[in-house]
Amino acid sequence: MNSRVVVEVTRGRPTSDGGGVRLTRLITPQQGLDPFLMLDEFDSSEASDYLAGFPAHPHRGFETVTYMLDGHMLHEDHLGNRGDLKPGAVQWMTAGRGIIHSEMPQQVAGRMRGFQLWINLPGSEKMKPADYRDIDPEDIPEQVFSDASIKVIAGQCQVVGSDALIAGAHGGGATEPLYLDVALSAHASLTLATPKSHRVLAYTFEGAVSIGERVLHQNELAQLSEGNAVCLTAGPIPARVLIIGGKPLREPVVHYGPFVMNTAAEIEQAVRDFRSGHLTA
Ligand code: CO
0 MNSRVVVEVT RGRPTSDGGG VRLTRLITPQ QGLDPFLMLD EFDSSEASDY LAGFPAHPHR
60 GFETVTYMLD GHMLHEDHLG NRGDLKPGAV QWMTAGRGII HSEMPQQVAG RMRGFQLWIN
120 LPGSEKMKPA DYRDIDPEDI PEQVFSDASI KVIAGQCQVV GSDALIAGAH GGGATEPLYL
180 DVALSAHASL TLATPKSHRV LAYTFEGAVS IGERVLHQNE LAQLSEGNAV CLTAGPIPAR
240 VLIIGGKPLR EPVVHYGPFV MNTAAEIEQA VRDFRSGHLT A
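In numbering that gives the first Met the number 0, the protein residues as written are 0 to 280.
1. Among all residues, which have a Cβ less than 7 Å from at least one non-hydrogen atom of the ligand CO, and in what chain order do they fall?
2. Please state whether DSSP places Ile139 in a helix, a strand or coil.
3. In the DSSP output, what is Tyr285 paired with across the bridge?
4. Applying the criterion that 16 or more other CB atoms from any shown protein chain within 10 Å of the CB defines a buried residue, is Val199 buried or exposed?
5. Identify the residues that DSSP records as bridge partners of Phe53: which are they?
6. Decide if Ala304 is buried, meaning its Cβ has at least 16 other Cβ atoms within 10 Å, or exposed.
7. Below 8 Å on the Cβ atoms is my guess for His169 versus Ile210; work out the distance and round it to an integer in Å.
8. What is the residue span of the alpha helix (DSSP H) that Arg274 lies within?
9. Between the Cα of Asp39 and those of Ala263, Glu265 and Asn218, spot the shortest distance and give me the residue it belongs to.
10. Ordered along the chain, which non-local residues of its own chain (more than five positions away) have a Cβ less than 8 Å from that of Val214?
11. Is it buried or exposed for Lys150, if we count other Cβ within 10 angstroms and need 16 for buried?
12. Along the chain, where does the beta strand (DSSP E) containing Asp16 start, and where does it finish?
13. Taking the alpha-carbon of Gly310 as reference, which of Ile98, Lys246 and Pro257 has the nearest alpha-carbon?
14. Among all the DSSP beta bridges, which residues are the ones paired with Asp130?
15. Taking buried to mean at least 16 other C-beta atoms within 10 Å of its own C-beta, is Pro104 buried or exposed?
16. Compare the Cα-Cα distances from Ala289 to each of Leu164, His216, Gly87 and Val143 and report the closest residue.
17. For a cutoff of 8 Å on Cβ pairs, would you count Gly276 as touching chain B?
18. Excluding sequence positions up to five away, which residues of its chain have a Cβ less than 6 Å from the Cβ of His77?
19. Using the Cα positions of Pro57 and Arg274, report the straight-line distance between them to the nearest angstrom.
20. Would DSSP call Gly60 helix, strand or coil?
21. Expressed to the nearest angstrom, what Euclidean distance is found between the alpha-carbon atoms of Pro28 and Asp146?
22. Could you tell me whether the segment 84 to 91 touches the segment 9 to 16, using the rule of 3 or more Cβ pairs below 8 Å?
23. So, using beta-carbon positions, are Phe258 and Arg59 closer together than 8 Å?
24. Rounded to the nearest angstrom, how far is the Cβ of Ala55 from that of Val20, given a contact under 8 Å?
25. Is the beta carbon of Ile243 closer than 8 Å to that of Phe35?
Structure below.
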C-alpha cells in the first residue's frame, strides 16, 4: 500500500455567484486540478445569502454535481427536468453541448448547505447531448462501521481491511469520478483504497482529520500526492470529509464563465450558439 500524503492545503475564498448567492470557492479552474474545474461550498442560515438563487443560465462542456446537505432547492432545465434537491440528495448534470437551467431555493428561512463540483469532460464528449439525473438520499449506498460511515456518491469504495466493495450511486464516465462523504467518530481511523490513476482531493467540512502527518482543519482542502490509498484519522471531535477523485484528462482547458472547452475557437462558438439560441440544439 502506498498512502497518499498532503502536498498542498488551501482554504476557499468567499465570493458570490448566480443571482447573488454567497458561497466559498474551494477550487478554481485556474488551479489546474484536472479533471476538476471548480468546487463551491454554500453554507448559510441567513436567507439573504441564498434567496437570489441561480436563475436560468447555460453550461457547455463539463458536468456539475450538486450535493445538498441542508435545505431545499428546485432545479429546472430546458429539457423539462424538475429536480427537488433535498437534504442528502445529489444532482448529476452532464451539460454536454448545452443545458440551460435554474436552481432556486424553496425556502425563505433556515440553513442552506451543500457543494457543487464541476468535472471536466474530454473533448470527444463535450458536444454530447445533455443528461440530467436526480439521486435521492436513499439511493446513495452507505457503508457503515461502528465508528465510521461512508456515503458512496460516485465510484467504488473499498475500505482497506474490509472485503466489501461498494459501488456508488453514479459510476463510469471518462474521468471515473470518486465522490465519498466520510463521517468519522472522534479518534476513528480508516484507510480507503483510491485508484492509482486518479487525482485525489480531501475537504474537511466538520471537525478535523489527519492524513499522514498533516492535520487538515475544518474548511481546509488538501491536494494529495500520488498513491493508491488515503488514511484518515479523526481528531478529538467527530469529523466529516469529502474525498473526491478523478482521472486527469490531460487536455487543454479554456474556461469562459459557464463554458469549458479545449480551444478559444470552441468558446467563441459556444458564446455565438448561446446568443443565437442554438446552445442546446
Ligand atoms: Co448551473
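By construction, the Cβ of each residue, glycine as well, lies at the ideal position given by its N, Cα and C atoms.
Treat the numbers as computed from the prediction; the structure is a model and nothing was measured.
The short version:
1. Phe53, His56, His58, Thr63, His100, Glu102 and Pro257
2. coil
3. Absent from the model: residue 285. The displayed extent of the chain is 0 to 280, so no value can be given.
4. buried
5. Glu102
6. Residue 304 is absent from the model: the chain starts at 0 and stops at 280.
7. About 25 Å separates the two Cβ atoms, so there is no contact after all.
8. Ala263 to Arg274
9. Asn218
10. Ala207, Val208 and Gly234
11. buried
12. Arg12 to Asp16
13. Outside the modelled stretch of the chain, which goes from 0 to 280, sits residue 310, for which no answer is possible.
14. Thr93
15. buried
16. No answer is possible for residue 289: it lies beyond the span of the chain, which begins at 0 and ends at 280.
17. The chain labelled as chain B is not found in the depicted structure, where only one protein chain is given.
18. Ile99 and Thr279
19. 11 Å
20. coil
21. 36 Å
22. no
23. yes
24. No, Ala55 and Val20 are not in contact; Cβ-Cβ is about 14 Å, not under 8 Å.
25. yes
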